[in-house]
Amino acid sequence: MRLTVSDITIDLGTKPAKRVLDSVSFEAHDREFLSLLGASGAGKSTLLKIIAGILVQDGGSVSFDGRAIDGVASHKRNVGYVFQDMRLFPNMNVEENVAFPCKMRGMKKPARLDRARELLSHVQLDGFGKREVSSLSGGQQQRVALARALAATPQVLLLDEPFSGLDEHLRDDMRSLVLKLHREFGMTTIMVTHDAIEAIEMSDRIVYLSGGRVEQQGMPDELFEHPATSEIAACFGGCSTIAGAVEGGVFSAGPLSLPAQGVRCGSATAVIRQNAAFIDEGMPPVFSVRCCVYRGSTHLVRIDLGDQTLTVPSSSPISAGCLVGVAFDEAGVFVYPGRGGDDGDR
1 MRLTVSDITI
11 DLGTKPAKRV
21 LDSVSFEAHD
31 REFLSLLGAS
41 GAGKSTLLKI
51 IAGILVQDGG
61 SVSFDGRAID
71 GVASHKRNVG
81 YVFQDMRLFP
91 NMNVEENVAF
101 PCKMRGMKKP
111 ARLDRARELL
121 SHVQLDGFGK
131 REVSSLSGGQ
141 QQRVALARAL
151 AATPQVLLLD
161 EPFSGLDEHL
171 RDDMRSLVLK
181 LHREFGMTTI
191 MVTHDAIEAI
201 EMSDRIVYLS
211 GGRVEQQGMP
221 DELFEHPATS
231 EIAACFGGCS
241 TIAGAVEGGV
251 FSAGPLSLPA
261 QGVRCGSATA
271 VIRQNAAFID
281 EGMPPVFSVR
291 CCVYRGSTHL
301 VRIDLGDQTL
311 TVPSSSPISA
321 GCLVGVAFDE
331 AGVFVYPGRG
341 GDDGDR
């Protein structure tokens, strides 16, 4: 099922109302796994609720296979929704929770309970049907919520930060399970996340939201290798974000100089990925080491740039106060005009 979001705008709050989404547009192709990525407050969950019909937008339209559904009630949109807080019904056991959407569609009790047991098998919870939801672990409750979202065979599956409350090893398990079910059920899936690594690992395409607007959309490697803004460049983690200035195609911040061809002169922001910076004895030792921290397989050298810090990995510890030379791989260095980098090219 193809999902199209066209110029969605919504204001929330009162006196004055806050523009939460501003002319947001994108398309999710049939059976595609698409992530809405961005920092907290970007408008991602609000957008998901509009797609589901839980919130009504002030402007724009949502379409399924080219048909506008803006006037269609939430329970008639054939959408499965996994909330961040799961929202399981405490007065129902596990199989009753999973069967609830089928009950709302008028399915007879034996058939809906059979459907619930089938889905519990899909999410690796065979034999859990009669248990109380309060007796389950967080990961098990998340699997129940996922099974419930799939119960009515939705055309679109919406996931709102589905793994945020889980430990890391449980998150990995759930990511694999969600991708498996996405393929098996052949649904169009939209996932909200603030975890960029999660987005690039799971998604066919990513839509990056910031301040209620779409900043960039494309395949995961496009956003990672060619981020449109400093915010997007930095969201993938392990980066140093440095404020400085560009003059004559060179970015400078204290002793730091980086190529910045095509970036207009004036204040600028550089985002430097840790794996793009190297301690190099062949370079002039102009950088002063503030401190060095042990990080398991490597050491992270914190370099003084006035009131800013550049982080560079090192295979061995380096003492505070030492002067070192640093080299850079341009593929992991991004420079944007302006302190926020909101309108620039690499």
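In UniProt numbering, the protein residues as written are 1 to 346.
Cβ coordinates follow ideal geometry from the N, Cα and C atoms, glycine included.
Quantities reported herein were computed from a predicted structural model and do not represent experimental measurements.
Tell me the DSSP secondary structure of residue i in three-state form.
i: Glu-231; result: helix
i: Asp-342; result: In this prediction, Asp-342 scores a pLDDT of 44, lower than 50, which makes its location untrustworthy; no coordinate-derived value is stated.
i: Glu-222; result: helix
i: Gln-141; result: helix
i: Ser-314; result: strand
i: Ala-99; result: helix
i: Pro-90; result: coil
i: His-75; result: helix
i: Ile-51; result: helix
i: Pro-259; result: strand
i: Val-133; result: helix
i: Leu-125; result: coil
i: Ile-21; result: Going by the sequence as given, residue 21 is Leu instead of Ile. DSSP places Leu-21 in strand when its eight states are reduced to three.
i: Asp-7; result: strand
i: His-169; result: helix
i: Pro-337; result: strand
i: Ile-69; result: coil
i: Gly-332; result: helix
i: Ser-319; result: coil
i: Thr-46; result: helix
i: Gln-216; result: strand
i: Gln-274; result: helix
i: Arg-117; result: helix
Between the options, which has its C-alpha nearest residue i's C-alpha?
i: Asp-167; options: Ala-320, Gln-140, His-182, Glu-281; result: Gln-140
i: Arg-264; options: Gly-296, Pro-90, Glu-247; result: Glu-247
i: Asp-280; options: Pro-255, Gly-237, Val-326, Asp-304; result: Val-326
i: Gly-59; options: Gly-53, Asp-22, Leu-300; result: Asp-22
i: Val-156; options: Arg-2, Thr-311, Ala-73; result: Arg-2
i: Leu-34; options: Thr-311, Ser-288, Leu-159, Phe-163; result: Leu-159
i: Gly-262; options: Tyr-336, Gly-282, Asn-91; result: Tyr-336
i: Phe-64; options: Ser-210, Thr-189, Ser-257, Gly-254; result: Thr-189
i: Arg-112; options: Val-24, Ala-152, Val-82, Ser-240; result: Ala-152
i: Ser-275; options: Asp-329, Arg-19, Leu-136; result: Correcting the residue type first, residue 275 is Asn in the shown sequence and not Ser. For Asn-275, the nearest C-alpha among the options comes from Asp-329.
i: Tyr-208; options: Leu-305, Gly-138, Glu-27; result: Glu-27
i: Val-133; options: Ala-253, Phe-89, Ala-245; result: Phe-89
i: Leu-20; options: Ser-176, Arg-31, Asp-7; result: Here the sequence assigns Val to residue 20, which means Leu is not the residue at that position. Measuring from the Cα of Val-20, the nearest candidate turns out to be Asp-7.
i: Lys-9; options: Met-92, Met-174, Ile-51, Glu-32; result: At residue 9 the sequence reads Thr, which differs from the Lys that was named. With distances taken between Cα atoms, Thr-9 lies closest to Ile-51.
i: Thr-249; options: Gly-266, Ala-116, Arg-67; result: According to the sequence provided, residue 249 is Gly. The question's Thr does not apply to it. For the residues Gly-266, Ala-116, Arg-67, the minimum Cα distance to Gly-249 belongs to Gly-266.
i: Ser-297; options: Pro-284, Ser-316, Asp-307; result: Ser-316
Let me know if residue i comes out buried or exposed under the rule of 16 or more other beta-carbons within 10 Å of its beta-carbon.
i: Lys-49; result: buried
i: Asn-97; result: buried
i: Tyr-294; result: exposed
i: Asp-106; result: Here residue 106 is Gly; the residue named in the question, Asp, does not match the sequence. Exposed: under 16 other Cβ atoms inside 10 Å.
i: Leu-12; result: exposed
i: Glu-198; result: buried
i: His-182; result: buried
i: residue 413; result: What is shown of the chain runs 1 to 346, which leaves residue 413 out entirely.
i: Ser-240; result: buried
i: Gly-138; result: exposed
i: Gly-344; result: A caution first: Gly-344 carries a pLDDT of 40, below 50, which makes its placement in the model too unreliable to give a value.
i: Ala-331; result: exposed
i: Gly-244; result: buried
When the distance is taken between beta carbons, is residue j closer than 8 Å to residue i?
i: Gly-338; j: Ala-268; result: yes
i: Val-79; j: Pro-16; result: no
i: Gly-212; j: Gly-43; result: yes
i: Phe-224; j: Ile-200; result: yes
i: Pro-313; j: Leu-300; result: yes
i: Leu-150; j: Leu-125; result: no
i: Leu-37; j: Leu-47; result: no
i: Arg-143; j: Phe-100; result: no
i: Ser-230; j: Val-271; result: yes
i: Gln-57; j: Glu-161; result: no
i: Ser-74; j: Ile-54; result: yes
i: Pro-220; j: Ser-203; result: yes
i: Thr-309; j: Ile-303; result: yes
i: Leu-258; j: Val-178; result: no
i: Arg-131; j: Val-94; result: yes
i: Cys-291; j: Ala-320; result: yes
i: Phe-287; j: Pro-255; result: yes
i: Asn-196; j: Gly-237; result: For clarity, residue 196 is Ala in the given sequence; the question names Asn instead. Yes, Cβ-Cβ distance for Ala-196 and Gly-237 is below 8 Å.
i: Ala-68; j: His-194; result: no
i: Val-62; j: Val-123; result: no
- Task: Ignoring anything shorter than 4 residues or poking outside the region 172-210, list the alpha helix (DSSP H) runs there in chain order.
- Result: Fully enclosed alpha helix (DSSP H) runs of 4 or longer: 196-202.
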